[in-house]
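Per this note's numbering, the very first residue in the sequence shown carries number 5; after that it's consecutive. Reviewing the structure listed below.
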Amino acid sequence: MAASLTEFVEALQNLITKFENDKAYYLSKNYPETQARIGFIDPLFRALGWDIENQVGLSLGWLSFGPIGATLQSIV
5 MAASLTEFVE ALQNLITKFE NDKAYYLSKN YPETQARIGF IDPLFRALGW DIENQVGLSL
65 GWLSFGPIGA TLQSIV
């Protein structure tokens, strides 16, 4: 999780560089959707500070259906 704007920008730049270095492959039909999530989407959400692995341990009910404000209040 990025702790600051500077760290977020650095993480985002790393993802952009990674993509640009092998752009043809990432845009091809040979690049699986699962790999896109693992290699780019999950790291982007982590850099934004999202708890995509539910490390806080919220119940699945809150993750799927709970109001985001209530979820954030229970974490903070």
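Where a beta carbon is used, it is the ideal one built from N, C-alpha and C, also for glycine. All values reported here derive from a predicted model rather than from experimental measurement.
For residue j and residue i, the rounded distance between their alpha carbons
i	j	result
N3	D46	The requested residue 3 is not part of the displayed model; the chain covers only 5 to 80.
S63	V13	31 Å
L31	L9	28 Å
P36	G61	29 Å
Residues of its chain near residue i, where Cβ-Cβ distance is below 7 Å and the 5 sequence neighbours each way are ignored
i	result
F49	I56
L19	F44, P47 and L48
Neighbourhood of residue i by C-beta, 8 Å cutoff - its chain only, sequence neighbours within 5 removed
i	result
L16	L48 and A51
K22	G43 and F44
Neighbourhood of residue i by C-beta distance below 6 Å, restricted to the same chain and skipping five residues each side
i	result
A28	none
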